[in-house]
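Undergrad: Sequence lines, in order, name chains A and B.
Under this note's numbering, think of the first position of the first sequence as 6, with each following residue one higher.
Under this note's numbering, think of the first position of the second sequence as 4, with each following residue one higher.
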Amino acid sequence: DTGVSQNPRHKITKRGQNVTFRCDPISEHNRLYWYRQTLGQGPEFLTYFQNEAQLEKSRLLSDRFSAERPKGSFSTLEIQRTEQGDSAMYLCASSFEGDGYTFGSGTRLTVV
Amino acid sequence: DQQVKQNSPSLSVQEGRISILNCDYTNSMFDYFLWYKKYPAEGPTFLISISSIKDKNEDGRFTVFLNKSAKHLSLHIVPSQPGDSAVYFCAAADGGSQGNLIFGKGTKLSVKP
């Protein structure tokens with residue numbers, strides 16, 4: 006297991022299109038988190054799963070955003086009808102009961 | 004309103020000297036603090052953490068100090084090396100939040116040879 010894997014690394018999309026990102030956590034980790042980082046800011050929490058259950062969502066997660074973790078392993082984050090303000094680095098992290106909190110390399114989204 | 008503040012956007016230090024990065028927080032419910040290092044185009048990498056029951060934690064060249072009464076923590080890097088040049092983020096967690104980390108805006112450290 007080489008850590009938290011995120012795909013794609015980069016995504017350029019036109020405004021109004023839908024995009025989906027994938028995160029594969031460390032295999033024994035039961036918790037999975039999504040964060041967003043914009044230029045000059047630290048990562049901001051979006052949502053969190055414990056196994057397959059989505060337990061917490063930030064107010065940053067508008068109704069255009071949806072995240073799933075169907076089998077408690079990998080997770081997807083979908084953004085519908087993308088806007089230029091969605092351009093950011095989307096980071097995934099995983100942990101086991103809060104320990105070993107590890108981030109992936111992120112997916113950089115550019116909306117043109 | 005930012006709950007975790009890193010008031011210095013950048014810091015420049017000579018190789019071999021001490022780097023001191025500062026972080027202030029406002030939420031008294033925070034009970035666990037972490038420092039992350041981030042290179043461009045990579046995700047944050049965990050460096051060191053401290054629980055609110057301690058006031059110091061040391062790991063090799065890295066030491067984190069926590070002053071709960073001042074709601075202040077600092078990361079000391081001794082001696083600083085050019086490879087330490089990166090953006091450093093302070094993060095805090097409230098034990099009841101189950102892992103939602105609140106990050107500061109980061110401090111860009113440059114270590115000059």
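Backbone N, C-alpha and C define an ideal beta-carbon position, used for all residues, glycine too.
Can you tell me the Cα-Cα spacing of Gly109 (chain B) and Val117 (chain A), whole angstroms?
TA: Roughly 27 Å separates the two Cα atoms.
Undergrad: Looking at the structure shown, is Gly109 (chain A) part of a helix, part of a strand, or coil, going by DSSP?
TA: Here Gly109 (chain A) sits in coil by DSSP.
Undergrad: Against chain A, does Leu14 (chain B) count as a neighbour if the rule is that its beta carbon must be under 8 Å from one of theirs?
TA: no
Undergrad: Would you check if there are 3 or more beta carbon pairs closer than 8 Å linking the stretch 75-92 of chain A to the stretch 54-62 of chain B?
TA: Counting Cβ pairs under 8 Å, fewer than three are found: no touch.
Undergrad: Among residues of its own chain, excluding the 5 on either side of Arg12 (chain A), which ones have a beta-carbon nearer than 6 Å to its beta-carbon?
TA: For clarity, residue 12 (chain A) is Asn in the given sequence; the question names Arg instead. Arg27, listed in sequence order.
Undergrad: Contact criterion: CB-CB distance below 8 Å. Does Leu112 (chain B) meet it with respect to chain A?
TA: no
Undergrad: In whole angstroms, give me the CA-to-CA distance for Leu27 (chain B) and Phe79 (chain A).
TA: Checking the sequence shown, residue 27 (chain B) turns out to be Asp, not Leu. Cα to Cα, Asp27 (chain B) sits roughly 35 Å from Phe79 (chain A).
Undergrad: Using DSSP's beta-bridge definition, name the partner residues of Glu61 (chain A).
TA: Its beta-bridge partners are A:Tyr53.
Undergrad: Mapping DSSP to helix, strand and coil, what is Gln85 (chain A)?
TA: coil
Undergrad: Can you confirm whether the stretch 11-30 of chain B touches the stretch 57-74 of chain A when touching is taken to mean that 3 or more C-beta pairs between the two stretches lie within less than 8 Å?
TA: Because the criterion of three Cβ pairs below 8 Å is not met, the stretch 57-74 of chain A and the stretch 11-30 of chain B do not touch.
Undergrad: How far does the beta strand (DSSP E) with Arg27 (chain A) in it extend, from its first residue to its last?
TA: Val24 to Asp29
Undergrad: In this structure, does DSSP put Asp58 (chain B) in helix, strand or coil?
TA: Reduced to three states, the DSSP call for Asp58 (chain B) is coil.
Undergrad: Taking all protein chains shown into account, decide if Gln127 (chain A) is buried (16 or more other Cβ within 10 angstroms of its Cβ) or exposed.
TA: Since the first and last residues shown for chain A are 6 and 117, residue 127 (chain A) lies out of range.
Undergrad: Given this structure, state the Cα-to-Cα distance separating Phe92 (chain B) from Thr48 (chain B), to the nearest angstrom.
TA: 10 Å
Undergrad: Can you name, in chain order, every residue of its own chain whose Cβ lies under 7 Å from the Cβ of Ala93 (chain A), other than the five neighbours on each side?
TA: Arg41, Gln42, Thr43 and Leu114
Undergrad: Report back the beta-carbon spacing between Phe108 (chain A) and Gly46 (chain B) to the nearest angstrom; my notes put them in contact at under 8 Å.
TA: 4 Å
Undergrad: Quick one, which of A:Lys19, A:Ser71 and A:Gln55 has its alpha-carbon nearest Glu33 (chain A)'s?
TA: The candidate whose alpha carbon is nearest that of Glu33 (chain A) is A:Gln55.
Undergrad: State the start and end residues of the unbroken beta strand (DSSP E) segment that holds Phe2 (chain B).
TA: Look at the range of chain B in this structure, 4 to 116, and you will see that residue 2 (chain B) is not part of it.
Undergrad: For the beta strand (DSSP E) that contains Arg20 (chain B), what are its first and last residues?
TA: It is not in any beta strand (DSSP E) - Arg20 (chain B) carries neither H nor E in the DSSP assignment.
Undergrad: Please report whether the beta-carbon of Phe70 (chain A) lies at a distance below 8 Å from any beta-carbon of chain B.
TA: no
Undergrad: Answer with yes or no whether the minimum CB distance from Leu5 (chain A) to chain B is below 8 Å.
TA: Because chain A spans 6 through 117 in this model, residue 5 (chain A) falls outside it and cannot be assessed.
Undergrad: Report the option in A:Tyr38, A:Tyr53, A:Ile31 and A:Glu49 whose CA atom is closest to the CA atom of Asp91 (chain A).
TA: By alpha-carbon distance to Asp91 (chain A), the top candidate from A:Tyr38, A:Tyr53, A:Ile31 and A:Glu49 is A:Glu49.
Undergrad: Under a three-way DSSP split, which group does Asp27 (chain B) fall into?
TA: strand
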